[in-house]
Each structure stands twice: as structure tokens, then as C-alpha cells.
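Enquirer: Here's a structure for you.
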Ligand code: NOJ
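Residue numbers (the working numbering): 319 to 899.
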């Protein structure tokens with residue numbers, strides 16, 4: 319066993335201060351400009367994190383009450399999904415005013431206070447910018463509707479006459495990311511059917527025209543607005559979709575690189591180069607994080623060239639099944655693709671759009687695809703929980719930045735029995751009720767064992783905007799806080815060790831086919847981080863095979879995902895271990 323308390327399972331069981339070690343209490347200006355290369359970034363979905371005012375909806379007051387929790391968890395930054403004024407037709411990704419906080423969440427002054435308070439605790443803030451579309455309630459879109467066909471106001475969007483004699487046919491047959499068409503027809507003031515407008519998502523989210531100088535200027539100003547308020551960076555929503563081929567052709571059957579009319583167009587890179595210049599103009603350069611869903615890793619990493627984004631979410635890894643070959647391949651491809659551009663990889667197990675890992679990994683098909691989501695998929699939650707714990711240690715041991723979606727540190731499962739009439743996600747509605755949608759991973763967090771909303775809001779307050787399962791008290795922060803075998807305890811230990819373990823600060827990873835004197839097969843992931851003269855290095859072993867793997871002789875177990883109260887004799891199926899060989 320290691321003598322270091324921060325890395326020793328036994329002593330960690332009794333050491334509550336460990337998780338605060340290794341971090342400065344506040345972030346000072348100019349400190350660690352490359353923090354984003356290895357940061358742990360916690361995603362807050364404000365609507366569901368904590369409800370400070372008791373109206374049933376999470377808010378900034380709730381987040382401010384729990385900043386200490388996030389500090390103790392060991393995160394470096396918080397990414398807030400949109401908190402701006404919005405009709406919340408798509409959970410806030412339908413923004414009506416990018417410079418104001420939605421009154422349900424609080425005020426701009428509260429956001430400023432939150433950013434400053436978090437910073438005092440050593441936590442940076444990343445805000446979500448939604449550049450592809452606005453809310454239909456945004457003043458620009460209202461003006462465009464009012465101004466009518468041919469007006470300059472409409473040029474900021476994609477208004478087109480319909481095809482066919484009466485203009486009743488869709489301008490293109492593009493398919494929306496939320497299913498169905500991407501066009502909605504307007505009605506002229508005299509009541510006759512008018513032009514159509516483009517929306518890659520819901521009709522309440524009209525797409526902006528990124529060829530228009532107003533659109534580019536406005537977004538650079540929005541960036542400055544939040545950077546001036548202390549935001550350390552932005553998460554860029556739907557980052558590969560902004561630019562469209564102005565001829566609006568149909569989507570070719572097999573589009574080559576840059577040939578798709580609305581995905582991954584080459585002109586996008588100019589937008590992000592301009593944004594990078596804005597981010598770099600600050601004394602402490604701000605960080606650009608892209609939401610880039612692209613199957614081609616080389617096209618993906620083009621967004622990460624040194625004068626574009628700093629990082630982008632690695633969805634390839636997230637979508638892979640719990641299978642050693644698939645995960646090894648994804649890790650290798652990811653690291654190989656990032657190396658030439660010098661950008662760090664990111665590791666993401668989930669977010670507010672995808673099925674929670676505990677549920678996903680408990681299924682016969684443990685991969686993730688939006689199109690495959692269905693009600694009633696059989697799930698073994700015990701299996702899923704074991705694997706999700708192992709996955710947490712796996713991703714925490716990989717080189718790069720780590721994202722943790724709120725509630726994953728509690729091992730929350732997807733809530734799959736929400737009453738249909740309460741589901742708000744447009745993906746559910748637009749699928750004709752076939753796709754369960756994404757609300758199952760957005761259910762308000764449980765903070766306490768009891769209380770009318772398990773501590774999400776004040777006791778006796780309005781019920782949470784989505785109902786929590788009756789058993790969630792047992793998964794609450796309070797229930798897990800002092801339980802050394804809890805998923806929360808595992809996350810705290812892993813994030814503490816990520817800070818204090820020098821081997822994990824090394825950018826390299828070496829695959830191993832043996833751990834010490836023990837050879838490992840194809841269904842076991844084994845890799846080393848760091849190590850060299852005078853530094854011991856760290857080995858991560860994840861057993862995805864059916865047979866237990868013996869521990870190498872004399873191995874020093876730093877951390878493992880099995881029950882820490884029992885001695886670890888062998889690495890059982892679906893267990894991850896960090897070792898010092
Ligand atoms: C990606 C966001 O993560 C998702 O929640 C949203 O619905 C779409 N972009 C559209 O903004």
C-alpha cells in the first residue's frame with residue numbers, strides 16, 4: 319500500500335480532508351493558462367440542479383448554495399447549459415436574449431455573483447453559447463416575421479418561398495435533428511400562407527444565416543459580454559451546423575468532406591478563428607469548447623487546430639458499447655487524431671442529451687444512438703452501476719479533459735417511467751411519442767434522504783418540474799456522503815487522485831499486454847500513464863471480460879471501483895483498478 323493518504327484506499331476511508339488537497343483555494347489571474355488541457359468540468363443543467371426559491375425549477379440561487387459541494391467533489395470548472403431568457407421550448411437552447419438570465423433561474427447580478435464566488439473556490443465558469451439558432455421569441459425573428467418577404471430583417475434567417483405553383487412544397491427535403499422537416503411556413507399579415515423558414519431543430523428554433531455580417535458581429539459581442547463578466551470559456555452548441563450552402567441543395571446520398579449543405583462546411587473555420595481571436599484577446603485567454611458531432615475524426619480535429627477551438631466533446635467514446643475492443647479502438651483513434659493538432663482529448667460519459675451510463679451500460683446493447691432510444695428497453699441496473707463505476711475510473715485515468723454530467727457522480731439512472739404528459743422534450747413529441755426523449759436524464763437531483771423533493775428545493779416547496787422516483791432519497795448526496803462504498807465517494811477519490819498523482823499529469827498513455835507478471839487478454843483494458851526515472855507511473859486496468867484478472871504480485875492498489883470495504887484479491891468482471899506496479 320502507498321504511504322500517501324491521497325492515493326491510499328485504506329487511509330482515504332478515514333480521511334475527509336484529502337479531497338481538498340492539491341488545489342489552491344482560489345484561481346488567481348494568469349495562473350495555469352492551460353488548465354483546460356486536463357480539467358474536470360462539471361455540467362450543471364440549472365433547471366434540475368437545485369431549486370433555491372422553491373418554485374420547482376432549479377435556479378442560480380440553488381447552485382450558489384451548493385458550490386461547496388462542487389469544490390469538495392474536486393471539479394475545476396462548471397459548464398452551465400443555457401441560463402438565458404428563453405421560452406424553454408428546448409430546455410433553454412431556444413434563446414430569446416443572450417445577455418439576460420431567465421427570471422426562472424435568477425438575474426444577471428446573481429450570475430455575476432455566482433461566477434465570482436465559484437472563482438473564489440477555485441472553480442471556473444463556462445457558459446453555453448447557442449449560435450446556430452435563436453428562439454422564435456427573439457426580437458430579430460419577431461422583426462423578421464413582421465417585416466415580411468424581401469426585407470433586410472429576414473436576411474438574418476433562411477426565409478424561402480416554397481416550391482410548386484402555390485409555394486406549398488418544402489424548399490428542401492432536409493431532415494431535422496428532431497425528426498420531421500426543417501421548414502415551417504409563415505402566414506402573411508393578410509392571413510395567406512407565406513414564406514417558409516429553416517430550423518434544423520424545432521420550429522421554435524429558427525436557424526440564423528451565418529453569411530450575414532450582423533449575425534457574426536452579434537455573436538462576437540455576446541462572447542465579449544460573458545468574457546467581460548468573468549466566464550472562463552464557452553461551450554459552443556451545435557458547432558458544426560452554423561453555415562449552410564446558400565444554394566440550399568438537397569443532401570447528397572454520400573456527401574464527401576465539406577459537401578454536406580448544412581454540416582461541417584469549410585466556411586465554419588473562419589467563424590471559430592474569429593472567436594479564438596476574441597478569446598485570446600483577454601489577459602487570461604478564454605476557452606472554446608465545441609459540441610461537434612462528426613463521425614470522421616480527422617474532420618473533427620480540424621476544429622481543434624491551434625487557432626480554432628481549444629477542445630471539443632469526444633462523442634465517439636461516449637457512444638461506444640461496454641466492450642474492450644470498441645473502447646480501446648476509440649481511445650487510440652481519439653488520441654492519434656488529437657496529437658497532430660496539439661489539442662487535448664476530452665472524455666465524456668454522458669450529458670443532458672443522452673441516456674445515463676448506469677442505464678446504458680446495463681443493457682444488452684450498451685452503445686448509444688439517438689435513433690435507438692425506445693420505451694421499455696430491458697435494463698439490469700446493478701450491472702449498469704458496476705460498469706458505470708468502472709467507466710468513471712477508466713475515463714478519469716485517460717489523458718485530457720474530463721466532463722462529469724450532474725448526477726452521474728451519484729450513479730443516478732435514467733428515469734424511464736416519467737408520466738408521458740409531463741415529458742417536455744421536443745424530441746419526444748416530434749417522434750410521435752415513440753422516442754422517450756431526453757427528460758429521463760434531466761430529473762431534478764436528490765440532495766437529502768427525505769423531504770418533499772429530496773432536498774432539490776426547500777421542504778414543502780412546489781413539486782419539482784419533473785417528478786423524482788420514490789427511491790431517490792437513497793441515492794441522494796446526504797445518503798452517499800459518508801458511505802465509503804458510494805459512487806459519490808468513488809468520484810471524490812478519483813478526482814482527488816487526478817490532482818495529486820503526478821503520473822496522471824503526463825500526457826502520454828501506453829497500452830500494456832501484461833500488468834507486472836500477469837498477461838492480460840483482449841477483453842481487458844490495461845494502460846500506463848507517466849512513469850520514468852524516479853517516478854513510479856500509474857497503471858489502469860479495466861476488466862470487461864468474464865474471468866477475474868489476478869492482481870500482480872506486490873502491486874500497490876491506489877483505487878478501485880469495487881466495494882472499498884472488502885480486500886481486493888482479484889480484478890473481477892466490470893471492475894477498474896488503478897495500480898502502482
Ligand atoms: C445540442 C444540445 O445539447 C441539445 O440539448 C439541443 O437540443 C440542441 N443542441 C439544439 O440546440
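Every residue, glycine too, gets a C-beta built ideally from N, C-alpha and C. Predicted model only: the values in this text are computed from it and were never measured.
On the three-state DSSP scale, how would you describe residue 398?
Expert: Correct three-state label for residue 398: strand.
Enquirer: Measure the C-alpha to C-alpha separation of residue 563 and residue 624 and round it to an integer number of angstroms.
Expert: Computed Cα separation, rounded: 26 Å.
Enquirer: To the nearest angstrom, how far is it from the Cα of residue 669 to the Cα of residue 463?
Expert: Going from the Cα of residue 669 to the Cα of residue 463 covers about 34 Å.
Enquirer: Tell me the residue span of the alpha helix (DSSP H) that contains residue 379.
Expert: Per DSSP, residue 379 belongs to the alpha helix (DSSP H) from 378 to 383.
Enquirer: Considering only heavy atoms of ligand 3, does any lie closer than 6 Å to the CB of residue 556?
Expert: What this structure holds is ligand 1, not ligand 3.
Enquirer: Which same chain residues, not among the five before or five after residue 836, have their C-beta less than 6 Å away from its C-beta?
Expert: The residues are 868 and 870.
Enquirer: Decide if residue 287 is buried, meaning its Cβ has at least 16 other Cβ atoms within 10 Å, or exposed.
Expert: With the chain covering only 319 through 899, there is no way to say anything about residue 287.
Enquirer: The alpha helix (DSSP H) spanning residue 664 covers which residue range?
Expert: Taken as a continuous stretch (DSSP letters only), residue 664 belongs to no alpha helix (DSSP H), being part of the beta strand (DSSP E) at 664 to 666.
Enquirer: If you compare alpha carbons, which of 675, 476, 711 and 710 is closest to residue 732?
Expert: Considering only alpha carbons, the answer is 675.
Enquirer: In the structure shown, what three-state DSSP assignment does residue 403 receive?
Expert: Here residue 403 sits in strand by DSSP.
Enquirer: How many Å lie between residue 840 and residue 550 at the Cα?
Expert: In a straight line, the C-alpha of residue 840 is about 41 Å away from that of residue 550.
Enquirer: Among all the DSSP beta bridges, which residues are the ones paired with residue 505?
Expert: Note: residue 505 sits in a beta bridge opposite 511.
Enquirer: With burial defined as no fewer than 16 other Cβ atoms inside 10 Å of the residue's Cβ, what is the status of residue 388: buried or exposed?
Expert: Result: buried.
Enquirer: Any heavy atom of ligand 1 within a distance shorter than 6 Å of the CB on residue 411?
Expert: Result yes, Cβ under 6 Å from ligand 1.
Enquirer: Look at residue 813 and residue 362 and say whether their C-beta atoms are less than 7 Å apart.
Expert: For residue 813 and residue 362, no; Cβs fall outside 7 Å.
Enquirer: Using DSSP with H/G/I as helix, E/B as strand and the rest coil, what is residue 487?
Expert: Note: residue 487 maps to strand in three-state DSSP.
Enquirer: What does DSSP give as the partner residue(s) for residue 479 in the beta ladder?
Expert: Per DSSP, none; premise fails for residue 479.
Enquirer: Can you tell me where the alpha helix (DSSP H) holding residue 798 begins and where it ends?
Expert: Note, residue 798: alpha helix (DSSP H), 795 to 799.
Enquirer: Does ligand 1 have even one heavy atom less than 6 Å from the beta-carbon of residue 459?
Expert: Incorrect: residue 459 has no Cβ contact closer than 6 Å to ligand 1.
Enquirer: Taking the straight line between their C-alpha atoms, what separation do you get for residue 446 and residue 753?
Expert: Cα to Cα, the separation comes out at about 26 Å.
Enquirer: Secondary structure at residue 629, three-state DSSP: helix, strand or coil?
Expert: Here residue 629 sits in strand by DSSP.
Enquirer: Residue 894 by DSSP, collapsed to three states: which one?
Expert: Reduced to three states, the DSSP call for residue 894 is strand.
Enquirer: So the candidates are 882, 862 and 484; which of them puts its Cα closest to the Cα of residue 893?
Expert: Among 882, 862 and 484, the Cα nearest to that of residue 893 is on 862.
Enquirer: For residue 377 and residue 597, I'd like the C-alpha separation in whole angstroms.
Expert: Whole-angstrom Cα-Cα distance: 27 Å.
Enquirer: Can you tell which of 747, 701 and 784 has the C-alpha that lies nearest to the C-alpha of residue 736?
Expert: Nearest of 747, 701 and 784 to residue 736, Cα basis: 784.
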